[in-house]
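Colleague: Residue numbers (the numbering used here), protein chains in the order written: chain A, 1 to 342; chain B, 1 to 595. C-beta atoms are modelled at their ideal positions from N, C-alpha and C, and glycine is treated no differently. For clarity, every value in this text was computed on a predicted model and none was experimentally measured. Just passing along the structure, written as structure tokens.
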Amino acid sequence: MSESFQSRLAAAKRAAEELTQAVGTVIVGQRDVVEQVLWGLIAGGHVLLEGNPGLGKTLLVRTLSSCLDLRFSRIQFTPDLMPSDITGTNVLVMGEGAAPGGRFELHRGPIFGQVVLADEINRATPKTQSALLEAMQEHSVTIAGVRHTLEEPFFALATENPIEMEGTYPLPEAQLDRFLLKVLVESPGDDDFTQILRRTTGAAPPPPARVLTQTDVLGLRALCREIEVADPVLRYAASLVGSSDPASPNAPELVRRSVRFGAGVRGGQSLVLAGKAIALLEGRPQVSFDDVKRAAAPVLRHRILRSFEGEADGVTTDRVVAELLARVEQLPAHVAHAAAAS
Amino acid sequence: MVEASASLELERSFGRVARKVRGRLWLGRALTGTAFGLGAGGLLAGALWWLRQGELRPLAAGLGVLGAGVATLLAARQRWSDQEVALYLDEKLGSKEQIVTALGLRAEASEAALHLRQSAAQSLREGGRKLRGPKVWDAPQLLAPFGAAAIVWLSFLPLPPPPAVARAPGVERVQSANVKGLERIEALRDQRGRSPEDERRLRALADEAKKLRGDLAQGMEKREALSRMARLRDSIAELRSEFGKQQNRQGLEAAIAALNEHPEAKKAARALGDGDITAFDQEMQRLANQAEKQARESAKHALEEAERAAREKGAPGLADALKEQRDAFDQRAADAEALRQLGEALAGKLDPEALEDLKEFGQGGDPEAARRLAEAMGKALSQLSEEERKRLAEQLKKQLDQSPVGAGSPMTREELEEMARRLASAEGQKQLEEQLRQMANPDRTPEAERDGALGDAERGLSDAERGLGVMPMPMTGGPGAPGETPGNGSSPGPGQGNGNPGGKGSSREGGSGDHAGQSQALTAPELRSKANVQRSGVGPMHAATLGRAPARPGDTANQRGTGSLGSVAPGEIGAIEQSEVPEEYREHVGRYFEP
């Protein structure tokens with residue numbers, strides 16, 4: 001029995017490596033971004049990708065969907081996009097095979113895909129953005145009063161452009177909180193850039209192989225939930241999230257000065273789930289303090305709202321998270337002292 | 001089965017490692033605590049040694065033992081939980097919280113829990129040297145041997161010698177079986193006083209001097225001895241300054257003024273003004289010795305007027321003293337006349353020095369010359385043969401016939417003839433020799449005798465102070481020293497006492513002025529005077545007091561007759577303050593200036 005769990009862990013690790021390798025055949029560099037997207041896939045959360053245009057955000061999602069034997073759909077968010085354009089609508093069907101008065105037939109929107117790309121999500125109105133809320137949280141869509149469950153796995157990835165702010169609608173906090181991770185897509189380095197130029201200016205590369213099936217993904221998600229977390233690690237995660245609240249007595253000075261709202265309970269849950277995904281990807285049955293630390297920035301950066309003073313001082317949420325990681329002790333002081341001294 | 005064995009193996013492995021970790025933790029803490037305890041004990045031992053608290057030094061060792069005990073107790077109480085041990089082990093093994101997670105899943109039967117327990121047990125098995133536990137030895141523990149050694153060493157190290165404490169001046173003890181000078185104060189017991197009350201005060205002085213002698217024989221603090229001597233001096237000065245007191249002031253000034261009316265009595269007036277009764281008595285003796293009748297009559301008249309003035313101005317004591325002088329004046333004049341007549345008769349038998357004295361006596365009536373002359377005449381008389389004696393008696397009769405004794409002579413003719421008759425016989429000669437011896441040491445008036453005794457006591461007090469190694473306080477206004485150099489103090493008379501020369505009078509700012517006005521009455525037992533004086537050989541400095549006097553409302557520092565500061569110009573007076581200046585301070589200050 002134990003052997004089975006261990007082999008499942010090993011298989012999961014191997015599958016993740018294969019998936020990463022397959023994505024890497026198309027995407028040059030961006031290993032952290034690919035890895036963090038996998039955390040979201042395995043943990044069962046959704047991922048918000050933020051980066052400048054042309055960094056391969058959309059390509060990454062398309063490639064990932066190609067590697068997974070899942071239904072992919074893409075929604076290009078525009079200001080005139082309506083919620084029904086996302087969820088779908090009932091259409092009156094007349095004619096052959098229909099009832100004498102006609103009948104309503106559901107035309108499913110792109111949200112019914114399994115890997116959904118919400119491209120440039122901040123260009124749609126908040127009303128349209130909110131159409132994603134139910135789907136992301138409940139994995140279901142209600143159309144004309146009828147609730148339709150989405151097929152698992154449901155994995156939404158949204159992109160947004162941080163520099164073109166004109167004509168955009170920043171995502172509300174409630175919407176942001178639905179994303180497990182916010183992944184920052186950075187510009188590639190010189191070597192990666194050179195490689196990108198070589199790949200994209202020659203013959204079209206072959207499509208990536210399909211690595212994981214729907215069952216595999218669901219199996220990974222189930223296994224992820226089985227990963228164990230010790231109490232001290234949970235306390236550490238709770239302390240990190242709790243200290244991000246400026247009203248907390250344990251909040252560092254930077255948090256008190258620069259943060260208006262800290263991460264909530266959902267942030268803590270996401271932190272632990274992301275930690276489990278990391279542990280699973282490394283083939284470990286337990287979450288370590290380091291896993292929580294690694295997950296902290298992508299999990300918390302979009303859940304911490306800066307105050308006016310923080311924005312004026314140019315304090316980024318990543319800096320706040322770094323301060324939290326530096327201030328919150330993972331081990332009791334006497335244990336850490338004894339371990340360091342011996 | 002597999003689950004049970006995995007759990008058992010984990011528990012066994014973890015228990016073994018945990019015991020080792022906890023044991024090393026306990027040992028390390030106990031050693032560190034012991035080191036701090038012994039270090040504190042060493043510090044305490046050092047402090048106690050430094051403070052010379054030898055009897056408390058065992059406490060240092062006790063503190064060391066107590067520190068060790070408390071540290072051991074605290075180490076035992078701070079036992080790590082399983083979770084803390086597991087966290088420590090995970091940190092040391094780098095096992096990514098594998099052990100702590102596995103321990104948290106003891107009751108779980110999931111696949112993950114089983115796998116974790118197996119993995120954790122394996123990690124503990126393979127931990128090797130990394131599982132030896134926390135470090136036992138730490139740098140602070142080096143304190144332990146040093147602290148223990150310090151406690152032992154300091155417990156047996158002899159205490160450091162006490163620091164030299166600067167002793168207050170005068171606290172040293174003096175012991176002297178026989179302090180010379182005090183017997184002259186004790187002699188006041190037999191001195192006749194003006195009144196029973198006066199005699200009681202004189203006896204009190206004598207008793208105090210006797211008691212002081214006894215205390216000095218047993219040993220006492222020097223400052224206490226000096227303080228008591230100063231009180232004796234004050235008491236003597238007060239007794240000598242009776243006529244200068246406020247109630248006698250008008251009488252004294254009136255008597256002085258009456259004496260000053262007569263040129264012959266001016267010196268006597270000055271002596272009276274200075275309160276120097278001894279000098280006054282000698283001056284009156286000199287006036288009585290005058291050969292000229294007119295001078296004698298004038299002096300006698302001046303005495304009568306002074307007596308009357310003193311009595312009228314409410315100074316009966318002074319008037320009585322003047323009356324004693326007037327009563328003795330005639331007898332003194334008669335003795336001087338007899339001395340003169342006999343001297344002229346014996347002129348051929350006297351040596352040149354006696355002849356010089358005879359000449360000096362005849363010119364000015366110097367009492368000292370009279371004394372020396374009387375001694376020389378007594379000696380010459382005893383060496384006369386019978387033939388010479390008879391011839392001398394005849395010569396004396398012939399001398400009387402040639403210069404008949406008139407109304408102005410202080411001796412009647414019968415008295416002189418009686419002297420000549422006595423000279424003719426051997427028995428009479430002896431009587432005459434006795435009479436001459438008395439003339440050499442003429443009787444003083446009771447008042448002068450009292451004042452002389454008090455002055456002698458004062459000088460004896462100075463000798464006693466000198467015997468204790470202290471420079472005696474300079475005496476102001478009193479008679480000068482005997483013998484070697486005549487005093488030139490503020491009193492005008494020639495020195496006749498047995499003490500030192502009188503102090504020099506101040507000449508600074510000697511301008512005219514008055515002491516009009518009256519200060520507010522002070523309710524103090526005594527006042528101390530402070531004067532700005534010149535320090536010996538160096539620049540000026542403020543110094544304090546040469547004397548002190550009993551408090552009298554309206555008095556000033558340089559009150560004439562008090563004997564406190566003598567003649568001090570107003571500008572020299574710094575203050576009169578009510579304070580308890582220690583005697584040793586007065587002594588200290590006294591070395592730096594001369595009055």
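Mind checking if A:Phe289 is an interface residue toward chain B, Cβ cutoff 8 Å exclusive?
Modeller: Taking the first sequence and counting its residues from 1, one reaches residue 289 of chain A at position 289. Judged by the 8 Å Cβ criterion, A:Phe289 is in contact with chain B.
Colleague: A:Arg327 CB to nearest chain C CB: under 8 Å?
Modeller: Of the chains in the structure shown, none is chain C; the protein chains are A and B.
Colleague: Quick one, which residues of the segment 81 to 102 of chain B are near chain A if we go by CB-CB under 7 Å, in chain order?
Modeller: Gln83, Glu84, Leu87, Tyr88, Glu91, Lys92, Lys96, Glu97, Gln98, Val100, Thr101
Colleague: Can we say the segment 156 to 174 of chain A touches the segment 47 to 63 of chain A, given the rule of at least three CB pairs closer than 8 Å?
Modeller: yes
Colleague: Confirm, please, whether the CB-CB distance from A:Glu228 to B:Ala113 is below 8 Å.
Modeller: Stepping through the second sequence from its first residue, residue 113 of chain B is reached at position 113. Stepping through the first sequence from its first residue, residue 228 of chain A is reached at position 228. If you check the CB distance, B:Ala113 and A:Glu228 come in under 8 Å.
Colleague: Give the DSSP-derived three-state secondary structure of A:Ala336 in the structure shown.
Modeller: Residue mapping note: residue 336 of chain A aligns to position 336 of the first sequence, counting from 1. Of the three classes helix, strand and coil, the one that applies to A:Ala336 here is helix, per DSSP.
Colleague: Looking at the secondary structure, which residues open and close the beta strand (DSSP E) in which A:Asn90 lies?
Modeller: One-based indexing of the first sequence puts residue 90 of chain A at position 90. A:Asn90 -> beta strand (DSSP E) spans 88 to 93.
Colleague: Anything in the segment 208 to 241 of chain A with a Cβ closer than 8 Å to a Cβ of chain B? List those residues in chain order, please.
Modeller: Those would be Glu226, Ile227, Glu228, Val229, Ala230, Asp231, Pro232, Val233, in chain order.
Colleague: Are the C-beta atoms of A:Gln175 and some chain B residue less than 8 Å apart?
Modeller: Here residue 175 of chain A is taken as the residue at index 175 of the first sequence, counted from 1. It does not: the Cβ of A:Gln175 has no partner Cβ on chain B nearer than 8 Å.
Colleague: Given a threshold of 16 other Cβ atoms within 10 Å of its Cβ, counted over all protein chains shown, does A:Thr213 qualify as buried or as exposed?
Modeller: Numbered from its first residue, the first sequence carries residue 213 of chain A at position 213. Classification of A:Thr213: exposed, given that the 10 Å Cβ count is below 16.
Colleague: Do A:Leu180 and A:Leu223 come within 8 Å of each other at the CB atom, strictly closer than that value?
Modeller: On the first sequence, residue 223 of chain A is found 223 positions in, with the first residue counted as 1. On the first sequence, residue 180 of chain A is found 180 positions in, with the first residue counted as 1. Taking 8 Å as the cut-off, the Cβ atoms of A:Leu223 and A:Leu180 do not count as close.
Colleague: Since B:Glu221 sits in a beta bridge, which residues does DSSP pair it with?
Modeller: Reading the second sequence from its first residue, position 221 is the one you call residue 221 of chain B. Answer is B:Arg173, bridged to B:Glu221.
Colleague: In chain A, which residues lie with their C-beta within 7 Å of the C-beta of B:Gly104?
Modeller: What you label residue 104 of chain B is simply residue 104 of the second sequence in a count that begins at 1. Near B:Gly104 (Cβ distances below 7 Å), the residues of chain A are Ala230, Asp231.
Colleague: Check whether the segment 110 to 126 of chain A touches the segment 70 to 79 of chain A, taking contact to mean three or more Cβ pairs, one atom from each stretch, closer than 8 Å.
Modeller: In short, these stretches touch, since the Cβ pair count reaches three.
Colleague: Where B:Gly364 and B:Arg422 are concerned, what is the direct C-alpha to C-alpha distance, given to the nearest angstrom?
Modeller: As a working note, residue 364 of chain B is residue 364 in the second sequence. As a working note, residue 422 of chain B is residue 422 in the second sequence. One C-alpha to the other measures close to 29 Å.
Colleague: Taking the alpha-carbon positions, what's the B:Arg189 to B:Asp198 distance?
Modeller: Mapped onto the second sequence, residue 189 of chain B falls at position 189. Mapped onto the second sequence, residue 198 of chain B falls at position 198. Using only the alpha carbons, I get a separation of about 11 Å.
Colleague: For the candidate residues A:Ile111, A:Leu273, A:Met94, A:Ala118, whose alpha-carbon lies nearest to that of A:Glu353?
Modeller: Nothing about residue 353 of chain A can be reported from this structure: the residues present for chain A run from 1 to 342 only.
Colleague: Pairs of beta-carbons, one from the segment 266 to 281 of chain A and one from the segment 21 to 33 of chain B, closer than 8 Å: are there three or more?
Modeller: Touching, no, given that fewer than three Cβ pairs across the two stretches are closer than 8 Å.
Colleague: Less than 8 Å between the beta carbons of B:Leu38 and B:Ala75, yes or no?
Modeller: As a first step, residue 38 of chain B is located in the second sequence; it is residue number 38 there, counting from the start. As a first step, residue 75 of chain B is located in the second sequence; it is residue number 75 there, counting from the start. Not a contact, by the Cβ cut-off of 8 Å.
Colleague: Which same chain residues, not among the five before or five after B:Lys266, have their C-beta less than 8 Å away from its C-beta?
Modeller: The residue given as residue 266 of chain B occupies position 266 in the second sequence. So the list reads Leu259, Asn260, once near-sequence residues are dropped.
Colleague: Taking Cβ-Cβ distances shorter than 8 Å, what residues in chain A pair up with B:Lys20?
Modeller: Sequence index remark: in the second sequence, residue 20 of chain B carries index 20 (1-based). Residues of chain A passing the Cβ test: none, with the nearest at roughly 12 Å.
Colleague: So what's B:Leu73 in DSSP terms, helix, strand or just coil?
Modeller: As a working note, residue 73 of chain B is residue 73 in the second sequence. Three-state result, B:Leu73: helix.
Colleague: Hey, is A:Arg14's beta-carbon within less than 8 Å of any beta-carbon in chain B?
Modeller: The count along the first sequence starts at 1 and reaches residue 14 of chain A at position 14. So, not an interface residue.
Colleague: Could you give the first and the last residue of the continuous alpha helix (DSSP H) run that contains A:Ser66?
Modeller: By 1-based counting over the first sequence, the position of residue 66 of chain A is 66. Following the DSSP letters along the chain, one finds A:Ser66 inside the alpha helix (DSSP H) bounded by residues 57 to 67.
Colleague: Which whole-angstrom value is the C-beta distance of A:Val233 and A:Val292, which I expect to be below 8 Å?
Modeller: The residue given as residue 233 of chain A occupies position 233 in the first sequence. The residue given as residue 292 of chain A occupies position 292 in the first sequence. With a Cβ gap of about 6 Å, A:Val233 and A:Val292 count as contacting.
Colleague: I'd like to know if B:Glu111 contacts chain A, where contact means its C-beta is closer than 8 Å to some C-beta of that chain.
Modeller: Along the second sequence, one-based indexing puts residue 111 of chain B at 111. Yes - at least one Cβ of chain A is within 8 Å of the one on B:Glu111.
Colleague: Can you give me the Cβ contacts of A:Leu197 inside the same chain, cut-off strictly under 6 Å, excluding the 5 residues immediately before and after it?
Modeller: Residue mapping note: residue 197 of chain A aligns to position 197 of the first sequence, counting from 1. Answer for A:Leu197: no residue qualifies.
Colleague: Any idea what DSSP makes of B:Leu31, helix, strand or coil?
Modeller: On the second sequence, residue 31 of chain B is found 31 positions in, with the first residue counted as 1. Three-state DSSP puts B:Leu31 in a helix.
Colleague: According to DSSP, is B:Gln98 part of a helix, a strand, or is it coil?
Modeller: Start at 1 with the first residue of the second sequence, and residue 98 of chain B comes out as number 98. DSSP places B:Gln98 in helix when its eight states are reduced to three.
Colleague: I'd like to know if A:Ser66 contacts chain B, where contact means its C-beta is closer than 8 Å to some C-beta of that chain.
Modeller: For the purposes of this step, residue 66 of chain A is taken as the residue at position 66 of the first sequence. Cβ-Cβ to chain B under 8 Å: no for A:Ser66.
Colleague: What would DSSP say about A:Phe343, mapped onto helix, strand or coil?
Modeller: The displayed coordinates of chain A run from 1 to 342. Any statement about residue 343 of chain A would go beyond what the structure contains.
Colleague: Check whether chain B comes within 8 Å of A:Ala338, counting only Cβ atoms and requiring the distance to be less than that.
Modeller: Within the first sequence, numbered from 1, the residue matching residue 338 of chain A stands at position 338. Yes, its Cβ sits closer than 8 Å to a Cβ of chain B.
Colleague: What whole-angstrom Cβ distance do A:Ser243 and A:Ala251 have, given they're in contact under 8 Å?
Modeller: As a working mapping, residue 243 of chain A is identified with position 243 in the first sequence. As a working mapping, residue 251 of chain A is identified with position 251 in the first sequence. Right, their Cβ atoms sit about 5 Å apart.
Colleague: Contact criterion: CB-CB distance below 8 Å. Does A:Arg284 meet it with respect to chain B?
Modeller: Position 284 of the first sequence holds residue 284 of chain A. Cβ-Cβ to chain B under 8 Å: yes for A:Arg284.
Colleague: Which residues does DSSP list as the beta-bridge partners of A:Gly51?
Modeller: If you number the first sequence from 1, residue 51 of chain A lands on position 51. According to DSSP, A:Gly51 bridges with A:Val185.
Colleague: If I measure Cβ to Cβ from B:Ser235 and keep anything under 7 Å in the same chain, skipping five residues before and after, which residues do I get?
Modeller: One-based indexing of the second sequence puts residue 235 of chain B at position 235. For B:Ser235, where only same-chain residues beyond five positions count, the Cβ hits under 7 Å are Leu205.
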